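Residue numbers (the numbering used here), protein chains in the order written: chain A, 1 to 191; chain B, 192 to 382.
Ideal Cβ placement from N, Cα and C applies to all residues, glycine included.
Keep in mind the model is a prediction, meaning the values are calculated, not measured.
Number of protein chains: 2
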Amino acid sequence: MHASIKEHLKRYVAPSEEAIHLFKTSLNDISVSKGKYLLQPGTEVKYICFVVKGCLKAYYMDEKGNKHIIQFAIENWWICDFEAFYNHAPSRLYIEAIEDSQLFSMRYDRLEQIYKEAPVFERYFRILITNAFISQRQRILSSLEKDTKARYLEFCKAYPNIENRVTNYHIANYLGVTPENLSRVRSKLKR
Amino acid sequence: MHASIKEHLKRYVAPSEEAIHLFKTSLNDISVSKGKYLLQPGTEVKYICFVVKGCLKAYYMDEKGNKHIIQFAIENWWICDFEAFYNHAPSRLYIEAIEDSQLFSMRYDRLEQIYKEAPVFERYFRILITNAFISQRQRILSSLEKDTKARYLEFCKAYPNIENRVTNYHIANYLGVTPENLSRVRSKLKR
Chain A
1 MHASIKEHLK
11 RYVAPSEEAI
21 HLFKTSLNDI
31 SVSKGKYLLQ
41 PGTEVKYICF
51 VVKGCLKAYY
61 MDEKGNKHII
71 QFAIENWWIC
81 DFEAFYNHAP
91 SRLYIEAIED
101 SQLFSMRYDR
111 LEQIYKEAPV
121 FERYFRILIT
131 NAFISQRQRI
141 LSSLEKDTKA
151 RYLEFCKAYP
161 NIENRVTNYH
171 IANYLGVTPE
181 NLSRVRSKLK
191 R
Chain B
192 MHASIKEHLK
202 RYVAPSEEAI
212 HLFKTSLNDI
222 SVSKGKYLLQ
232 PGTEVKYICF
242 VVKGCLKAYY
252 MDEKGNKHII
262 QFAIENWWIC
272 DFEAFYNHAP
282 SRLYIEAIED
292 SQLFSMRYDR
302 LEQIYKEAPV
312 FERYFRILIT
322 NAFISQRQRI
332 LSSLEKDTKA
342 RYLEFCKAYP
352 NIENRVTNYH
362 IANYLGVTPE
372 NLSRVRSKLK
382 R
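Structure representation (structure tokens):
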């Protein structure tokens with residue numbers, strides 16, 4: 001189970017074996033069954049989570065009860081209510097498992113300690129958060145374009161192989177388009 | 192002019208005098224007059240820029256010629272087409288000075304060198320990019336709420352004192368609301 005995180009770390013940085021050991025021994029195992037919640041609004045967020053196996057969605061529920069999907073996470077993604085985690089504020093998001101999921105969690109205070117002991121992880125998370133910032137900005141930009149096909153293709157690139165694991169309805173919600181519109185685009189692309 | 196960047200660095204990290212010296216000597220001065228461009232689409236983006244004095248906006252122009260403001264920057268903000276900068280891709284954004292502006296620029300390759308020589312700057316940029324990611328996500332969440340007043344107040348918190356330096360039209364564009372709607376909200380708040 002630890003092999004995936006080790007491989008992921010090495011994709012971005014070159015940590016020593018000692019640093020990898022430190023990181024791995026700071027992780028805890030979490031299992032979330034399909035349809036269950038990793039996080040609900042109003043909760044204190046002490047952990048960030050790395051997906052070892054499974055698929056989850058993070059969403060926001062507005063005052064009218066409409067869901068807005070903010071992020072999906074599959075294998076090798078980190079997922080969290082990052083605002084709540086870093087600002088020690090109560091969560092505003094739901095994080096729900098779409099499939100039975102196995103995760104690693106890392107506590108906030110433990111992560112801060114790791115940064116001190118092995119600064120290579122400052123670099124690891126700097127690179128990851130930069131990528132997340134960029135893809136979030138791309139999402140804002142592509143929502144301005146209003147072309148469902150281009151947005152769907154960008155989605156497939158950002159989340160490789162997820163298009164068969166998540167319903168059409170969920171992807172449409174994430175992209176901010178109607179499910180009917182997305183269905184048409186996907187059918188055309190399959191031809 | 193270098194005092195502001197030194198102070199900014201020290202707000203987030205504790206660099207040695209040697210590290211500060213390394214950082215400062217890697218900066219170049221740039222001046223951009225009001226109405227002129229720091230960046231235009233299709234350009235290679237070699238620099239990230241720190242605002243010493245002035246005010247700028249980064250915007251995207253869609254195929255129909257509509258402007259969409261993505262970011263403002265005032266004193267002590269970094270501004271860039273981050274996607275283009277990190278991915279070595281041509282810029283998609285315009286960055287235009289709203290006031291006469293003085294900036295520092297830092298080259299990509301120089302920044303990578305600094306990370307190697309003084310990892311404390313990995314931490315500095317990790318913290319900054321995390322904050323930027325969080326406020327960008329907050330912006331997405333508040334655009335779902337669709338309450339102009341709440342969004343305007345969040346804007347004022349994110350960009351303190353900018354509300355008197357940028358036109359009502361520009362702020363409305365950034366928030367994705369009509370200028371008339373925003374004017375009404377601002378008038379009520381002033382009472």
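Do you know whose CA, among the options, lies nearest residue i's CA?
i: Ser187(A); options: Ile95(A), Glu163(A) and Cys49(A); result: Glu163(A)
i: Leu284(B); options: Ser207(B), Lys215(B), Leu247(B) and Thr216(B); result: Leu247(B)
i: Thr25(A); options: Gln113(A), Pro179(A) and Ile95(A); result: Gln113(A)
i: Lys244(B); options: Asp300(B), Ser374(B), Asn219(B) and Phe295(B); result: Phe295(B)
i: Leu39(A); options: His21(A), Asn76(A), Ala97(A) and Phe133(A); result: Ala97(A)
i: Ala3(A); options: Glu75(A), Val45(A) and Met61(A); result: Glu75(A)
i: Arg139(A); options: Leu128(A), Cys156(A) and Arg123(A); result: Cys156(A)
i: Thr43(A); options: Glu180(A), Asp81(A), Ile70(A) and Ile30(A); result: Asp81(A)
i: Arg328(B); options: Ile127(A), Ala19(A), Ile69(A) and Ser31(A); result: Ile69(A)
i: Ala210(B); options: Thr321(B), Asn372(B) and Leu302(B); result: Leu302(B)
i: Lys46(A); options: His88(A), Tyr169(A) and Glu154(A); result: His88(A)
i: Met61(A); options: Phe23(A), Pro41(A) and Leu128(A); result: Pro41(A)
i: Pro206(B); options: Ser326(B), Ile320(B), Tyr228(B) and Phe316(B); result: Phe316(B)
For the beta strand (DSSP E) holding residue i, just list the boundary residues, first then last.
i: His279(B); result: Taken as a continuous stretch (DSSP letters only), His279(B) belongs to no beta strand (DSSP E), as it is neither H nor E.
i: Glu96(A); result: Tyr94 to Ala97
i: Asp33(A); result: Note that residue 33(A) is Ser in the sequence shown here, rather than Asp. Per DSSP, Ser33(A) belongs to no beta strand (DSSP E) and is neither H nor E.
Considering just the uninterrupted stretch of the alpha helix (DSSP H) at residue i, what are its terminal residues?
i: Asp300(B); result: Tyr299 to Glu308
i: Cys156(A); result: Thr148 to Ala158
i: Ile208(B); result: Checking the sequence, you will find Glu at residue 208(B) rather than Ile. Note, Glu208(B): alpha helix (DSSP H), Glu208 to Lys215.
List the residues that DSSP assigns as beta-bridge partners of residue i.
i: Val368(B); result: Note: Val368(B) sits in no beta bridge, so no partner.
i: Glu198(B); result: In DSSP, Glu198(B) forms no bridge with anything.
i: Trp269(B); result: Phe241(B)
i: Tyr251(B); result: His259(B)
i: Phe104(A); result: Asp29(A) and Phe50(A)
i: Leu230(B); result: Ile286(B)
i: Ala73(A); result: Leu56(A)
i: Glu122(A); result: Looking at the DSSP assignment, Glu122(A) forms no beta bridge with any residue, so it has no partner.
i: Glu235(B); result: Pro281(B)
In whole angstroms, what is the alpha-carbon distance linking residue i and residue j?
i: Leu144(A); j: Gly367(B); result: 10 Å
i: Ser142(A); j: Asn161(A); result: 20 Å
i: Leu200(B); j: Ser33(A); result: 44 Å
i: Glu17(A); j: Asn28(A); result: 19 Å
i: Ser292(B); j: Phe85(A); result: 35 Å
i: Pro119(A); j: Val13(A); result: 11 Å
i: Lys340(B); j: Ile5(A); result: 43 Å
i: Glu290(B); j: Ile48(A); result: 41 Å
i: Ala158(A); j: Lys307(B); result: 29 Å
i: Glu63(A); j: Tyr169(A); result: 20 Å
i: Leu182(A); j: Tyr174(A); result: 11 Å
i: Tyr299(B); j: Thr369(B); result: 38 Å
i: Glu274(B); j: Asn322(B); result: 17 Å
i: Ser91(A); j: Arg191(A); result: 42 Å
i: Ile127(A); j: Glu313(B); result: 9 Å
i: Ala363(B); j: Arg356(B); result: 14 Å
i: Tyr221(B); j: Ala264(B); result: The residue asked about is misnamed: residue 221(B) is Ile in this sequence, not Tyr. Rounded to whole angstroms, Ile221(B) to Ala264(B) spans 15 Å at the Cα level.
i: Tyr250(B); j: Asn66(A); result: 29 Å
i: Met297(B); j: Ile270(B); result: 11 Å
i: Arg184(A); j: Asp338(B); result: 32 Å
i: Tyr343(B); j: Glu371(B); result: 13 Å
i: Ile95(A); j: Leu22(A); result: 27 Å
Using a beta-carbon distance below 8 Å, is residue i in contact with chain B?
i: Tyr169(A); result: no
i: Glu154(A); result: no
i: Glu75(A); result: no
i: Phe23(A); result: no
i: Ile95(A); result: no
i: Thr43(A); result: no
Does the distance between the C-beta of residue i and the nearest non-hydrogen atom of the ligand ATP fall short of 7 Å?
i: Ala73(A); result: Here there are no bound small molecules, and the ligand ATP is not part of this structure.
Closest Cβ-Cβ distance between residue i and chain A: below 8 Å?
i: Leu453(B); result: For residue 453(B) there is no data in the structure shown, the boundaries of chain B being 192 and 382.
i: Leu332(B); result: yes
i: Leu335(B); result: yes
i: Glu274(B); result: yes
i: His259(B); result: yes
i: Phe263(B); result: no
i: Glu209(B); result: no
i: Asp253(B); result: yes
i: Thr369(B); result: no
i: Pro310(B); result: yes
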